[in-house]
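Asks: Have a look at this one.
In mature numbering (1 follows the signal peptide of the UniProt record, and there is no 0), the protein residues as written are -21 to -1, 1 to 453.
Have a look at this one:
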């Protein structure tokens, strides 16, 4: 009987271990202390969102939860300052849910005490200083904690100061100074990643001490903490940004590369893409990237959607990419591709979401990604000052004949254009033909010298509205 029980227990444990290996649970901690200005908070928020998008694209079984910490409510100077946290939502794999947050807290930033309150949320213990409607965190996978902070090691008073260590017992290198971090590392198996905007060496040493040993590049000085399982061991998952959370030219891959240091794939397919926001639907760029499939898998479909960041509304965007070497793909959306969004009343800022469907071991699997371009919070603005409106098909401005063509074709305008412009671009966005329109009804075009493929014909009228059609060169 004992052997049977032991066998069942070991089987359960191996099964549970396998389940946990499928994904990770990430807590994204955001410092809300008063030294974080409004502009810097915006940069931190953008970086946190970009990082979460990369983590979820790396492994679609992973989940994230955003927790903000400070010592008072943002915009509220009443009451006694005390350490508090605001949990935006429980762990979720829905990036729209995860990224819908704003600044909640202010004043001081006491990291050690805030981490203790997160421990209460994980254990389901009531704590009045968890000031959000969400008061618990339902952990089911291995825990990772990612911290965005500009905190000093220990500066100011214990209520409104800036502390990476225990404000009540900040002794250098002591277990008490890093008490809650050590509890998380030992009792919860947590691993810490620190994204720290500080040029001060004492703060850097403390931040590096909190960070776990891992694939990061930091091998500088670390405060030697009594009881740290990685004492004096480098490299650490510590990323110092002395100039702030904003990424600059030359750091295009910053959040993607950081995510690769802390994510764990589950061996399934992934997809990533980049889009340089042009804001208006009349100024779109290419939506292109790479897909990665496990051995033996077959790509079924790439699907593009437009997601409203305020409302969460989702509209399909036709996506017919060209494929290149190294699993590369790209497509240049036309204004008419946004008909569903325009006719559906989409307003405000939007993001592209790309979903890949593939067949693997007899099952249809899904992976998705968001734009990894790091400098913008959104991809499309449906409220452009001059909205390039997609028109219903019965209102097309022109037709092309013959189509397909061997190179010679006509552009026949439905009505005479007093002034405007006609252009033809290949699928990489390069212009291959331009003509100013003045009172024409028909235009003869010759692209015989161009290679076979699909080209985009754009007609821009005197109201600066863009109409687009595809021509196929045989």
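Glycine residues also receive a C-beta, built at the ideal position from the N, C-alpha and C atoms.
1) Residue 371: buried (16+ other C-beta within 10 angstroms of its C-beta) or exposed?
2) Going by DSSP in three states, residue 454 sits in which element: helix, strand or coil?
3) Buried or exposed: residue -17, going by 16 or more other Cβ atoms within 10 Å of its Cβ?
4) Whole angstroms is fine: what's the gap from residue 137's alpha carbon to residue 39's?
5) For residue 130 versus residue 143, is the C-beta distance shorter than 8 angstroms?
6) Find out if the Cβ-Cβ distance for the pair residue 12, residue 49 is shorter than 8 angstroms.
7) Rounding to the nearest angstrom, what Cα-Cα distance links residue 160 and residue 189 in this structure?
8) At what residues does the alpha helix (DSSP H) containing residue 257 begin and finish?
9) Buried or exposed: residue 222, going by 16 or more other Cβ atoms within 10 Å of its Cβ?
10) Would you mind stating whether residue 240 and residue 33 have Cβ atoms separated by less than 8 angstroms?
11) Going by beta carbon distance, what residues of the same chain come within less than 7 angstroms of residue 92, once the five residues before and after it are set aside?
12) Have a look at 279, 71, 22 and flag the residue whose alpha-carbon is nearest the alpha-carbon of residue 42.
13) Assign residue 307 to buried or exposed, taking buried as 16 or more other Cβ atoms, counted over all protein chains shown, within 10 Å of its Cβ.
14) At 3 residues or longer, what runs of the beta strand (DSSP E) sit wholly inside the stretch 277 to 325?
15) Can you check whether the CB of residue 120 is closer than 8 angstroms to the CB of residue 267?
16) If you draw a straight line from the alpha carbon of residue 74 to that of residue 7, how long is it in whole angstroms?
17) Any contact between the stretch 387 to 395 and the stretch 284 to 295? By contact I mean 3 or more CB pairs, one from each, below 8 angstroms.
18) For the stretch 200 to 219 against the stretch 316 to 323, do three or more pairs of beta-carbon atoms, one drawn from each stretch, fall closer than 8 angstroms, so that the two count as touching?
19) Based on the DSSP secondary-structure assignment, which residues constitute the bridge partners of residue 100?
20) What did DSSP end up calling residue 161 once you bin it into helix, strand or coil?
21) Going by DSSP in three states, residue 239 sits in which element: helix, strand or coil?
22) On the DSSP bridge assignment, give the partners of residue 234 in chain order.
23) Tell me which same chain residues have a C-beta within less than 7 angstroms of the C-beta of residue 402, skipping the five on either side of it?
24) Tell me where the alpha helix (DSSP H) around residue 335 begins and ends.
25) Mind checking who residue 433 pairs with in its DSSP beta bridge?
26) What residue range is occupied by the uninterrupted alpha helix (DSSP H) comprising residue 348?
27) Suppose the cutoff is 7 angstroms on Cβ atoms and the five residues either side in sequence are ignored; what does the same chain contact list for residue 178 look like?
28) Could you tell me the distance, in whole angstroms, from the CA atom of residue 149 to the CA atom of residue 114?
29) Whose CA, out of 288, 297, 354, lies closest to the CA of residue 360?
30) Pair every Cβ in the stretch 244 to 264 with every Cβ in the stretch 380 to 388, then say whether three or more of these pairs are closer than 8 angstroms.
31) So, helix, strand or coil for residue 352, using DSSP?
32) Which residue comes first and which comes last in the beta strand (DSSP E) that contains residue 75?
Replies: Judging by the given coordinates:
1) Residue placement at residue 371 cannot be trusted, given a pLDDT of 41 that sits under 50; the coordinates are not used to answer.
2) The chain is shown from -21 up to 453; residue 454 falls before or after that span and cannot be answered.
3) Its pLDDT being 39, under 50, residue -17 is placed unreliably in this model, and the coordinates cannot settle the point.
4) Between the alpha carbons of residue 137 and residue 39 lies a gap of roughly 40 angstroms.
5) For residue 130 and residue 143, yes; Cβs fall inside 8 angstroms.
6) In contact: residue 12 and residue 49 (Cβ atoms closer than 8 angstroms).
7) Taking the straight line from one Cα to the other gives about 7 angstroms.
8) That residue, residue 257, is in no alpha helix (DSSP H); it is neither H nor E in DSSP.
9) Classification of residue 222: exposed, given that the 10 Å Cβ count is below 16.
10) No, they are not a contact pair.
11) Setting aside the 5 residues that flank it on each side, residue 92 is surrounded in the same chain by 62, 146, each with a C-beta closer than 7 angstroms to its C-beta; the list follows chain order.
12) Checked all of 279, 71, 22; the closest Cα to residue 42 is 71.
13) Here residue 307 is exposed. Its C-beta has fewer than 16 other C-beta atoms within 10 Å.
14) As far as the stretch 277 to 325 is concerned, its whole beta strand (DSSP E) runs of at least 3 residues are 277 to 287, 293 to 296, 301 to 303, 307 to 310.
15) Cβ distance not < 8 angstroms, so residue 267 and residue 120 don't count as in contact.
16) Residue 74 and residue 7 have their C-alpha atoms spaced approximately 13 angstroms apart.
17) Judged by Cβ distances under 8 angstroms, the stretch 387 to 395 makes no contact with the stretch 284 to 295, as fewer than three pairs qualify.
18) With the cut-off at 8 angstroms, the stretch 200 to 219 and the stretch 316 to 323 do not touch.
19) According to DSSP, residue 100 bridges with nothing at all.
20) Here residue 161 sits in helix by DSSP.
21) Residue state, collapsed to three classes: helix.
22) Residue 234 is not bridged to any residue.
23) Within the same chain, residue 402 has close Cβ partners 410, 412, 413, 437.
24) No alpha helix (DSSP H) holds residue 335; the beta strand (DSSP E) holding it covers 328 to 339.
25) Secondary-structure assignment with DSSP links residue 433 through a beta bridge to 451.
26) Premise fails: residue 348 lies in the beta strand (DSSP E), 342 to 349, not in any alpha helix (DSSP H).
27) Shown here for residue 178: same chain residues with a beta carbon closer than 7 angstroms to its own, the five before and five after excluded, namely 221 in chain order.
28) In this structure, the straight-line span from the alpha carbon of residue 149 to that of residue 114 is close to 28 angstroms.
29) The shortest Cα separation from residue 360 among 288, 297, 354 belongs to 288.
30) Contact between the stretch 244 to 264 and the stretch 380 to 388 is absent, because fewer than three Cβ pairs lie under 8 angstroms.
31) Correct three-state label for residue 352: coil.
32) No beta strand (DSSP E) contains residue 75, which is instead part of the alpha helix (DSSP H) from 74 to 78.
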